[in-house]
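Using this note's numbering, the letters of the sequence shown correspond one by one to residues 1 to 446.
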Amino acid sequence: MTFFDRLNHSVATSGVGKYFRLEGSGARRERAGSKFTTELRAGLTTFVAMAYIISVNSLIVTDSGGTCVCNGGEADPICKVDPAYLDCLAILKLDMVTATAAIACFSTLLMGLFANLPIGLAPGMGLNAYFAYTVVGFHGSNSIKYETAVAAVFIEGILFILLSIFGVRQWLARLIPQSIKIATGAGIGLYLCFIGLQSSAGIGLIGNDDATLVGLVACVKDAAGECIAGTRMESPTTWIGLFGFVIISVCLLFRVKGAVLIGILVVSIMSWFRGTSFTYFPYTPLGDSKFDFFKKVVTFHPIQTTMAKMDFTLDNAEIWVALITFLYVDIMDTTGTLYSMAKFGGYMYKNGDFDGSSAAFLCDATAITVGAVFGVPPVTAFVESGAGITEGGRTGLTSITTAFFFFISLFFAPIFASFPPWATGPALMVVGSMMVKSVRSINWDY
Numbered sequence: 001m002t003f004f005d006r007l008n009h010s011v012a013t014s015g016v017g018k019y020f021r022l023e024g025s026g027a028r029r030e031r032a033g034s035k036f037t038t039e040l041r042a043g044l045t046t047f048v049a050m051a052y053i054i055s056v057n058s059l060i061v062t063d064s065g066g067t068c069v070c071n072g073g074e075a076d077p078i079c080k081v082d083p084a085y086l087d088c089l090a091i092l093k094l095d096m097v098t099a100t101a102a103i104a105c106f107s108t109l110l111m112g113l114f115a116n117l118p119i120g121l122a123p124g125m126g127l128n129a130y131f132a133y134t135v136v137g138f139h140g141s142n143s144i145k146y147e148t149a150v151a152a153v154f155i156e157g158i159l160f161i162l163l164s165i166f167g168v169r170q171w172l173a174r175l176i177p178q179s180i181k182i183a184t185g186a187g188i189g190l191y192l193c194f195i196g197l198q199s200s201a202g203i204g205l206i207g208n209d210d211a212t213l214v215g216l217v218a219c220v221k222d223a224a225g226e227c228i229a230g231t232r233m234e235s236p237t238t239w240i241g242l243f244g245f246v247i248i249s250v251c252l253l254f255r256v257k258g259a260v261l262i263g264i265l266v267v268s269i270m271s272w273f274r275g276t277s278f279t280y281f282p283y284t285p286l287g288d289s290k291f292d293f294f295k296k297v298v299t300f301h302p303i304q305t306t307m308a309k310m311d312f313t314l315d316n317a318e319i320w321v322a323l324i325t326f327l328y329v330d331i332m333d334t335t336g337t338l339y340s341m342a343k344f345g346g347y348m349y350k351n352g353d354f355d356g357s358s359a360a361f362l363c364d365a366t367a368i369t370v371g372a373v374f375g376v377p378p379v380t381a382f383v384e385s386g387a388g389i390t391e392g393g394r395t396g397l398t399s400i401t402t403a404f405f406f407f408i409s410l411f412f413a414p415i416f417a418s419f420p421p422w423a424t425g426p427a428l429m430v431v432g433s434m435m436v437k438s439v440r441s442i443n444w445d446y
């Protein structure tokens with residue numbers, strides 16, 4: 001018997017093994033094939049697959065402007081170049097790095113401890129884009145304030161808690177036609193691809209066009225953020241972003257674990273060298289400020305601008321539309337992810353339910369509510385959890401391990417805050433494309 005065999009046996013026969021129902025624990029309905037060391041490896045795998053959300057979510061939510069106030073006047077109505085506003089956005093981005101890592105740690109730990117499921121949670125892709133660009137608008141350009149949008153997310157979480165306690169959430173999920181559920185996810189996927197192709201949170205391949213609304217751009221921009229004439233398809237950041245897309249695609253083709261994170265890291269590291277045409281730290285006052293923070297590497301950034309900043313003035317009809325949309329998409333997204341992961345992990349019951357379902361829905365709802373206090377968009381279960389399940393994750397120990405690594409990431413804010421949009425844009429494009437493939441399951445002959 002090897003050291004790891006003895007370790008697995010010791011943990012399985014302990015109180016921890018019985019609580020998490022590891023194989024050999026003697027617990028009722030123990031999870032077949034679950035071993036302590038396997039759970040640890042699976043938890044690390046899930047974290048690697050999910051880690052991109054820390055930088056991507058912070059970039060997307062920062063585009064909403066958060067609690068920053070724009071005073072650009074008629075010359076700069078959405079504060080594209082206003083120094084004070086850009087400084088505020090820099091702080092907001094750091095706040096979002098901390099908030100995203102913290103809520104991912106909390107919610108995933110909650111799922112592991114109380115639902116005993118190997119599923120990671122974090123602010124949802126698609127929902128964060130809807131929150132930032134449709135509800136609040138770029139730099140707060142819509143009529144709904146960031147604080148009001150966060151309040152709507154908080155209310156949604158409370159409603160979810162009530163629906164989960166009384167079992168209404170599961171009933172609603174069964175009530176909606178399967179094709180509509182699938183189409184919702186596919187539509188969000190297309191939306192993510194569209195964002196990943198733009199410049200604010202992507203590679204800048206497309207932009208505004210007076211004739212067709214959207215056109216091919218990829219131009220070199222001046223200090224004011226406007227395209228320089230005659231530079232179409234000459235943007236270095238666009239080409240380096242496309243290179244990142246190729247890296248992620250090739251890694252996925254060869255089933256490399258953490259393919260999305262690898263692509264983000266390669267492009268980011270290339271962009272951290274100063275003096276290149278695609279550097280994230282140009283020799284400007286803002287670039288110098290970013291580089292000075294980046295050089296700290298390890299530091300903890302306390303949340304300054306988004307903690308408990310909710311405004312419950314819900315007199316705008318648009319916020320109720322957003323609230324209903326959050327509810328609907330969350331029901332479809334989380335329910336679909338939880339059921340598919342349960343089936344994949346082999347703990348689905350014959351009646352269509354799965355082990356720990358009530359606790360899982362309640363954990364997700366609680367995470368949404370707490371996430372709103374941190375100022376992040378709705379939290380949801382991540383399909384990337386399938387990577388950990390593939391590695392053998394079967395119990396909540398996998399989630400606890402994933403939560404531990406999210407906790408560690410809290411102290412690496414300078415790194416996660418320095419991932420440029422052209423590094424995370426390819427991730428949006430790939431994740432969105434993978435979501436779109438679900439259209440194959442729609443009943444087109446209905």
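Beta carbons are placed, not taken as given, at the ideal position from N, Cα and C, and that holds for glycine.
{"Item": "Straight-line gap, Ile-389 to Val-48 (C-alpha atoms, nearest Å)", "Value": "13 Å"}
{"Item": "For Ala-104 and Ala-122, believed in contact at Cβ under 8 Å, the rounded distance", "Value": "4 Å"}
{"Item": "Presumed contact (8 Å Cβ cut-off) between Val-217 and Gly-244, rounded CB distance", "Value": "About 18 Å; that fails the 8 Å criterion."}
{"Item": "Status (buried if at least 16 other CB within 10 Å, exposed otherwise) for Ala-32", "Value": "exposed"}
{"Item": "Terminal residues of the alpha helix (DSSP H) in which Thr-424 lies", "Value": "421-436"}
{"Item": "Cα-Cα separation, Val-379 to Ser-164", "Value": "15 Å"}
{"Item": "Contact set for Ser-433: own chain, Cβ-Cβ below 8 Å, skip 5 residues either direction", "Value": "Gly-189 and Cys-193"}
{"Item": "Helix, strand or coil at Met-348 according to DSSP, with G and I counted as helix", "Value": "strand"}
{"Item": "Sequence-distant residues of the same chain with beta carbon closer than 6 Å to Ala-152, five excluded per side", "Value": "Ile-319, Ala-322 and Leu-323"}
{"Item": "Cβ pair count under 8 Å reaching 3, the stretch 420-440 against the stretch 201-220", "Value": "yes"}
{"Item": "Selection from Ile-60, Cys-79 and Pro-118 that minimises the alpha carbon distance to Leu-40", "Value": "Pro-118"}
{"Item": "Inside the stretch 286-348 only - beta strand (DSSP E) runs reaching at least 3 residues", "Value": "none"}
{"Item": "Residue range of the unbroken beta strand (DSSP E) whose run includes Pro-123", "Value": "121-123"}
{"Item": "Cβ pair Ser-58, Met-96 closer than 8 Å", "Value": "yes"}
{"Item": "Cross-strand partners of Ala-417 (DSSP beta bridge)", "Value": "BP columns for Ala-417 are empty, so no partner."}
{"Item": "Other residues of its chain near Gly-263: CB distance less than 6 Å, five sequence neighbours each side excluded", "Value": "Gly-244, Ile-247, Ile-248 and Pro-426"}
{"Item": "Cβ pair Ser-278, Thr-237 closer than 8 Å", "Value": "Inspection of the sequence shows that residue 278 is occupied by Phe rather than by Ser. Yes, they are a contact pair."}
{"Item": "Other residues of its chain near Thr-401: CB distance less than 7 Å, five sequence neighbours each side excluded", "Value": "Glu-39, Leu-40, Gly-43 and Leu-44"}
{"Item": "Local Cβ density within 10 Å of Leu-490, reported as buried at 16 or more and exposed below that", "Value": "Outside the shown range of the chain (1 to 446) lies residue 490, about which nothing can therefore be said."}
{"Item": "N-terminal and C-terminal residue of the alpha helix (DSSP H) that Ile-269 is part of", "Value": "259-271"}
{"Item": "Ile-144, DSSP secondary structure in three states", "Value": "coil"}
{"Item": "Inter-residue spacing [alpha-carbon to alpha-carbon] between Ala-417 and Tyr-349", "Value": "42 Å"}
{"Item": "Cα-Cα separation, Cys-70 to Phe-300", "Value": "27 Å"}
{"Item": "Assigned secondary structure, Thr-98 (DSSP; H/G/I helix, E/B strand, else coil)", "Value": "helix"}
{"Item": "Cβ shell of Phe-407 (< 7 Å), same chain only, five flanking positions each side left out", "Value": "Cys-105"}
{"Item": "Helix, strand or coil at Gly-196 according to DSSP, with G and I counted as helix", "Value": "helix"}
{"Item": "Span separating the alpha-carbon of Ser-421 from that of Val-256", "Value": "First, the amino acid is wrong: residue 421 is Pro here, not Ser. Answer to the nearest angstrom: the Cα atoms are 23 Å apart."}
{"Item": "Where the alpha helix (DSSP H) containing Leu-216 begins and where it ends", "Value": "Looking at the DSSP string, Leu-216 is not in any alpha helix (DSSP H); the run it does join, the beta strand (DSSP E), is 213-216."}
{"Item": "Ser-385 versus Gly-345, Gly-72, Thr-366 and Phe-419, residue with shortest Cα-Cα distance", "Value": "Gly-345"}
{"Item": "Limits of the unbroken beta strand (DSSP E) element including Val-379", "Value": "379-381"}
{"Item": "Check whether Thr-366 and Ile-161 have beta carbons under 8 Å apart", "Value": "yes"}
{"Item": "DSSP beta-bridge partners of Phe-412", "Value": "Thr-299"}
{"Item": "Rounded Cβ spacing between Ser-64 and Val-150 (contact assumed at less than 8 Å)", "Value": "Not a contact, Cβ separation roughly 10 Å."}
{"Item": "Contact under 8 Å by Cβ, Met-332 with Thr-184", "Value": "yes"}
{"Item": "Leu-338 versus Leu-327, Ala-129, Thr-325 and Phe-361, residue with shortest Cα-Cα distance", "Value": "Phe-361"}
{"Item": "Pairwise C-alpha distance: Phe-326 and Ala-457", "Value": "Only positions 1 to 446 of the chain appear in the structure, and residue 457 is not among them; the question remains open."}
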